[in-house]
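Going left to right, the sequence shown walks through residues 1 to 80 as this note's numbering numbers them.
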Amino acid sequence: MNDDKFALPIHWNDHEDIAMSLYEKFGDDFGESKIYRIRFTDLLEWVLSLPNFAGTREESSEGHLEQIQSAWVYEWRDNQ
């Protein structure tokens, strides 16, 4: 993710944007099987720490985290 102060904020429903940011942050360190084994508690903290992320811990749900995992796998596949 770009640290541009003019970048739009990212929210929980922006699964693809979050996935792209996570892929940019971790690159190929996480492959498909490793992404699906990430604990939701860890994934939650990583998402909350992303630049321009405007969501809160209270707004998160298991459904959001599952969608983010899936989108991250697709992002990883697209870059292989």
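We put the CB at the ideal spot given by N, CA and C, even for glycine.
Taking the Cβ atoms as the reference, Leu65 lies roughly 12 Å from Arg57, outside the contact range of under 8 Å. By the beta-carbon neighbour count (other beta carbons within 10 angstroms, threshold 16), Ser21 is buried. Within the same chain, and ignoring the five residues on either side of Ala7 in sequence, the residues whose Cβ sits closer than 7 Å to its Cβ are Asn52. Boundaries of the alpha helix (DSSP H) around His64: Glu62 to Asp78. Excluding its 5 nearest sequence neighbours in each direction, His15 has C-beta neighbours in its own chain below 6 Å: Gln67, Ile68 and Ala71, listed in chain order.
For Trp76, the closest of His11, Arg37, Pro9 and Phe30 by C-alpha to C-alpha distance is Phe30. The beta-bridge partner set that DSSP reports for Phe53 consists of Ile10. In the structure shown, the three-state DSSP call for Ile38 is coil.
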